[in-house]
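Scroll down for the structure; my scribbles are underneath it.
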Amino acid sequence: MDASDAAAVLARARRGDDDAFGALVQQHSHRAFVLALRMTGNEQDAEDIVQESFLRAYRQIGRFEARANFGTWLYRIVVNCAVDRLRTRPKGRLTGIDALLGETAVESRPGPDRLAASEEIGRKVRDALDALTPLERAAFTLRHYEGLSIAEIGGILNLGTSAAKHGVFRAVRKLRAALAPLHAAASE
Amino acid sequence: MAHHPSDNRLILSYYGEGRRRRGLERHLSACAACRARWADLAATLSMVSPAAPPERNQRYGLEVWQRVRPCLPDAHALRWPWAAWRPLIAGVAMTALVALAGFLAGRYVSGPTRVRPAARDVAFDADARARTAAIVEHLQQSERVLLDLINGSDEPADIDRELQRAATLIESSRLYRDAALRAGELGVADVLDDLERGLLDVVHLPRSSTSTGLLAFRAELDTGALLFKVRITIDELQEWDSTPVPGPGTT
Numbered sequence: 014m015d016a017s018d019a020a021a022v023l024a025r026a027r028r029g030d031d032d033a034f035g036a037l038v039q040q041h042s043h044r045a046f047v048l049a050l051r052m053t054g055n056e057q058d059a060e061d062i063v064q065e066s067f068l069r070a071y072r073q074i075g076r077f078e079a080r081a082n083f084g085t086w087l088y089r090i091v092v093n094c095a096v097d098r099l100r101t102r103p104k105g106r107l108t109g110i111d112a113l114l115g116e117t118a119v120e121s122r123p124g125p126d127r128l129a130a131s132e133e134i135g136r137k138v139r140d141a142l143d144a145l146t147p148l149e150r151a152a153f154t155l156r157h158y159e160g161l162s163i164a165e166i167g168g169i170l171n172l173g174t175s176a177a178k179h180g181v182f183r184a185v186r187k188l189r190a191a192l193a194p195l196h197a198a199a200s201e
Numbered sequence: 088m089a090h091h092p093s094d095n096r097l098i099l100s101y102y103g104e105g106r107r108r109r110g111l112e113r114h115l116s117a118c119a120a121c122r123a124r125w126a127d128l129a130a131t132l133s134m135v136s137p138a139a140p141p142e143r144n145q146r147y148g149l150e151v152w153q154r155v156r157p158c159l160p161d162a163h164a165l166r167w168p169w170a171a172w173r174p175l176i177a178g179v180a181m182t183a184l185v186a187l188a189g190f191l192a193g194r195y196v197s198g199p200t201r202v203r204p205a206a207r208d209v210a211f212d213a214d215a216r217a218r219t220a221a222i223v224e225h226l227q228q229s230e231r232v233l234l235d236l237i238n239g240s241d242e243p244a245d246i247d248r249e250l251q252r253a254a255t256l257i258e259s260s261r262l263y264r265d266a267a268l269r270a271g272e273l274g275v276a277d278v279l280d281d282l283e284r285g286l287l288d289v290v291h292l293p294r295s296s297t298s299t300g301l302l303a304f305r306a307e308l309d310t311g312a313l314l315f316k317v318r319i320t321i322d323e324l325q326e327w328d329s330t331p332v333p334g335p336g337t338t
């Protein structure tokens, strides 16, 4: 779909053409899913978020400014849905940084073999990510995984540049605190 | 470079952002301690490496659309939300028409009607929409201030700008609350009242507040219902504002 086709499809969708909206859904679904999955770390949650995001987009498409980028606008909706989901999600057994560090401290220091197991590292990383606040996780995901600039993150999260930047800083600081024992052990 | 770069500057640089990156690179090549800090940061963040996106087949977009489509609200109802009330509206309109016809029959001989009801309704609607747009803008500005405060620097000295922005919003919050009260929009007035109190709390946050104090205050704001209420009110007002004005021919 070239730019003029995309603009025409978007215009039709804004006028209430369901088939045109369907074309937008098909075009943007995969990217929305990947973002939702990175935000939540859970495939079922991500699928629900994708569906909810498109429903919200459908309801609000009349307010979408034609000059703006539909993908960016949809991103904002996906992030907001994911933040809402994270806010209401019950915390698991090991969700706090303290709990994570506590467990690591109580355990005997993991040996290199165990550290080499990427599954273990993956679990720790997931736990550390789950311990971030929803907005920290959103800011970190958009910066680290999606490669968006701080200014773009501010735009999507409706934050000033400074707040977006500090969201990333806090997320990285917490991740470093949580993952430092793994890193230290691995480098020994 | 005389000073060692802060952790935050290293993080920005890791992501290819921040100013004076050349200077930082020169410093890192000369300072073993900072080079070690940099390596430590990079090693930690590489653990959180972007995983390969999960596989989804070519038909994934179509599958999503097939799931979404049956859940779509009726587009006609969305754009013409009073459509479901059409029979009732038609009945009321007919009654009003009969009453109006009777009224005009009695009055016509004494000259044209001074106030045209339709024109007055349109003016009333325009007032309501202008007030709603102004309140939405005010709520959005306030939401942004609160979000910036929650997500900003952990150092109280760095939030002066947010405090100043909050102070400028207090008076307008009060005015909009009074306007909402006069218009009988009690729910909106309640939210504006809560917002005014929240903004006052922000402004009266002691400048000498410690980082811990700021964090506690921030947690209270974040977990409190204020932001949620503000967001919901914005959504509701925008929803109302996006409904088209019924034209003269609409029943």
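If you're matching them up, the sequences are chains W and Y in order. Each residue of the first sequence is one higher than the last, beginning at 14 in my numbering. Each residue of the second sequence is one higher than the last, beginning at 88 in my numbering. Beta carbons: idealized from backbone N, C-alpha and C, even for Gly. The model shown is predicted, which means the values in this text are computed figures rather than measured ones.
Between G167 of chain W and G173 of chain W, the C-beta gap is smaller than 8 Å, which places the two residues in contact.
Excluding sequence positions up to five before and after F83 of chain W, its CB lies within less than 6 Å of the CB of L23, all in the same chain and listed in chain order. Of the residues assessed, Q64 of chain W falls on the buried side of the cut-off, its CB having 16 or more other CB atoms within 10 angstroms. From the beta-carbon of R189 of chain W, the residues of chain Y found nearer than 9 Å are D94, D127, L128, T131 and L132. Between the stretch 129 to 148 of chain W and the stretch 128 to 137 of chain Y, the count of Cβ pairs shorter than 8 Å is three or higher; the stretches touch. Contact of C158 of chain Y with chain W by beta-carbon distance below 8 Å involves Q64 and L68. A straight line joining the alpha-carbon of S93 of chain Y with that of R124 of chain Y spans about 10 Å. Between the stretch 92 to 102 of chain W and the stretch 149 to 159 of chain W there are three or more inter-stretch CB-CB distances shorter than 8 Å, so the stretches are counted as touching.
Taking 9 Å as the upper bound on Cβ-Cβ separation, chain Y lies near residues I134, G135, K137, V138, A141 and L142 of the stretch 130 to 144 of chain W. N95 of chain Y: member of the alpha helix (DSSP H) spanning D94 to Y101, first to last residue. Boundaries of the alpha helix (DSSP H) harbouring P147 of chain W: P147 to F153, taken from the DSSP string. The beta carbon of G148 of chain Y sits closer than 8 Å to some beta carbon of chain W. Taking CB atoms only, L234 of chain Y has a neighbour in chain W less than 8 Å away. R72 of chain W places its beta carbon 8 Å or farther from that of P157 of chain Y.
Approximately 11 Å separates the beta-carbon atoms of V232 of chain Y and I257 of chain Y; this is outside 8 Å, ruling out the contact.
Counting of Cβ neighbours within 10 angstroms places N144 of chain Y among the exposed residues, the total staying below 16.
Contacts with chain W at 8 Å (Cβ-Cβ) do not include G285 of chain Y. Judged by DSSP secondary structure, I166 of chain W falls within the alpha helix (DSSP H) whose first and last residues are I163 to L170. S131 of chain W and A70 of chain W have their C-alpha atoms spaced approximately 38 Å apart.
Contact between L234 of chain Y and N171 of chain W is confirmed by a C-beta separation of about 6 Å, below the 8 Å threshold. Sorting Y:E224, Y:A126 and Y:R252 by C-alpha distance to the C-alpha of T320 of chain Y places Y:E224 at the top. When the alpha-carbon of A276 of chain Y is set against those of Y:R284, Y:N238 and Y:Y263, the nearest one is in Y:Y263. Y88 of chain W has a beta carbon lying at 8 Å or more from every beta carbon in chain Y. Put simply, the CB of A176 of chain W is near chain Y, with a gap under 8 Å to one of its CB atoms. Residue environment for W152 of chain Y: buried (at least 16 other C-beta atoms within 10 angstroms of its C-beta). Here F46 of chain W is buried. Its C-beta has 16 or more other C-beta atoms within 10 Å. In this structure, DSSP gives H291 of chain Y a state outside helix and strand, which the three-state scheme calls coil. Residue contact check for G84 of chain W against chain Y: no CB pair falls below 8 Å. Between A164 of chain W and N238 of chain Y, the C-beta gap is not smaller than 8 Å, which leaves the two residues out of contact. For a Cβ distance threshold of 7 Å, residue set E104 of chain Y lies close to I163 of chain W, ordered along the chain. In this structure, P141 of chain Y sits away from L99 of chain W, with a CB-CB distance that is not shorter than 8 Å.
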